[in-house]
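Read through the structure below, which is laid out as structure tokens, and then see the notes.
Number of protein chains: 2
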Amino acid sequence: MSEMHLKDALDTLKTTGVRITPQRHAILEYLIETMTHPTADEIYKALEGKFPNMSVATVYNNLRVFRESGLVKELTYGDAASRFDFITNDHYHMICESCGKIVDFHYPGLNEVEQFASHVTGYKVHSHRLEVYGTCQECIENVGKQVL
Amino acid sequence: MSEMHLKDALDTLKTTGVRITPQRHAILEYLIETMTHPTADEIYKALEGKFPNMSVATVYNNLRVFRESGLVKELTYGDAASRFDFITNDHYHMICESCGKIVDFHYPGLNEVEQFASHVTGYKVHSHRLEVYGTCQECIENVGKQVL
DNA sequence: ACACTATTTATAACTATTATAAATTAAGAA
DNA sequence: TTCTTAATTTATAATAGTTATAAATAGTGT
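The structure is reproduced here in structure tokens:
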């Protein structure tokens, strides 16, 4: 079924007139099959084997293309590197403030908030972003050697 | 009443054993009185008049101190510079994707989401972050000369 | 297979942020 | 008030993530 996602994604690109290069194929594939939310550099390193000559710029360029095509979401964290997330259906992120691990969770109705916010501010709403911060089980157990 | 905030903030710092320097005073004051959500550089430039010799590092250092004291929240946006927000009470941000303007809005109950997320993921929850993206009235009227 | 244009690569530049070390200063003690 | 000391500021350099550029390469429709 992740193959289905890949197929859909490639179709989306083709429809938008974006060329399918081996690099793009590989980046998309990697984004879909890894359940993590990799940084550009992690993607770069992961594909180093297949594409020894690939430039970091290529990764960044394509992540931007994917973002503009609505295939990928970019998650930013201040000075740290952005993380990229293949968009499947609506989900949110739970982030461990100790080790940085990100897991997804689904939650139904946040449309009310959008409507409310739109009403109060007069903005026309496109989307929203919700993130929950906490400590994961593992880090709770490893108290004493906190990193962050 | 913004003077109240400043007083409270200074007290908080003093209690935590953080020295009150003129620079810190000025940065806090600026953060409180400007309703915008300035970047470190904007703060630096705004205080250039009063402190011609102040270093950018000082602004960054103190914003970190304030963040660690829980006085200030940092909002990150990928490659763009972080924006800093004096914490009053719980509010969220509505961000215009066209001009970048940020306005605050209040919304009551998102604690359910925290509880839900905690239950599903097993994380111990500390906080959350919600942002709504859209287009502000002004930019809706100025269609045709889109910036972003 | 060709031609045309998008894309990749390699490199350098840019910008936000942080580290460092020397000079300065806030704040409590004498 | 003056002294003392550790925290803070300043100036500078370094780091890291990301983007711009231009030449080389390669998809895609014909």
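So the sequence lines, in the order shown, correspond to chains A and B. Here the first sequence is numbered in my numbering, starting from 152 and rising by one per residue. Here the second sequence is numbered in my numbering, starting from 152 and rising by one per residue. Where is the CB? At the ideal position from N, CA and C, for every residue including glycine.
- Collapsing the DSSP output to three states places A:E199 in coil.
- Secondary structure at B:A177: helix, using DSSP grouped into helix, strand and coil.
- Residue-level contact by beta carbon fails for A:G221 and chain B, as no gap is shorter than 7 Å.
- Residue nearest to B:K275 within the set A:D162, A:E248, A:I178, A:H279 is A:E248 (criterion: CA-CA distance).
- For B:E263, the secondary structure class from DSSP, reduced to helix, strand or coil, is helix.
- In the DSSP secondary-structure assignment, A:D236 is bridged to A:K224.
- Among the CB atoms of chain B, none fall inside 7 Å of the CB of A:M186.
- Where B:Y284 is concerned, the enclosing beta strand (DSSP E) starts and stops at 275-286.
- Contact holds between the segment 259-273 of chain B and the segment 250-258 of chain A, because three or more Cβ pairs, one in each stretch, are under 8 Å apart.
- Residue contact check for A:C250 against chain B: no CB pair falls below 7 Å.
- For A:Y243, the enclosing beta strand (DSSP E) has its first and last residue at 243-247.
- Within the segment 261-276 of chain A, those residues whose Cβ lies closer than 8 Å to any Cβ of chain B are, in chain order, L261, V264, E265, F267, A268, S269, V271, T272, G273, Y274, K275, V276.
- Counting only residues of its own chain and dropping the five nearest sequence neighbours on each side, A:T190 has a CB closer than 7 Å to the CB of A232, S233, R234.
- In terms of Cα proximity to A:F267, the closest of B:V264, B:Y258, B:S269 is B:Y258.
- Around A:E282, the beta-carbon contacts reaching into chain B at under 7 Å are H279, R280.
- Membership of A:V254 in the beta strand (DSSP E) is indicated by the continuous run 253-256.
- At a cut-off of 7 Å, the C-beta of B:T209 has no neighbouring C-beta in chain A.
- The criterion of a C-beta distance shorter than 7 Å is not satisfied by A:T185 and A:S220.
- Under the Cβ criterion (8 Å, minimum of three pairs), the segment 169-179 of chain A counts as touching the segment 204-219 of chain A.
- Along the segment 178-202 of chain B, none of the residues has a CB nearer than 7 Å to a CB of chain A.
- Contact of B:V216 with chain A is not assigned, every C-beta pair being separated by 7 Å or more.
- In chain B, no part has a C-beta under 7 Å from the C-beta of A:I238; the shortest such distance is about 15 Å.
- Our two residues, A:H176 and A:K158, have alpha carbons roughly 10 Å apart in a direct line.
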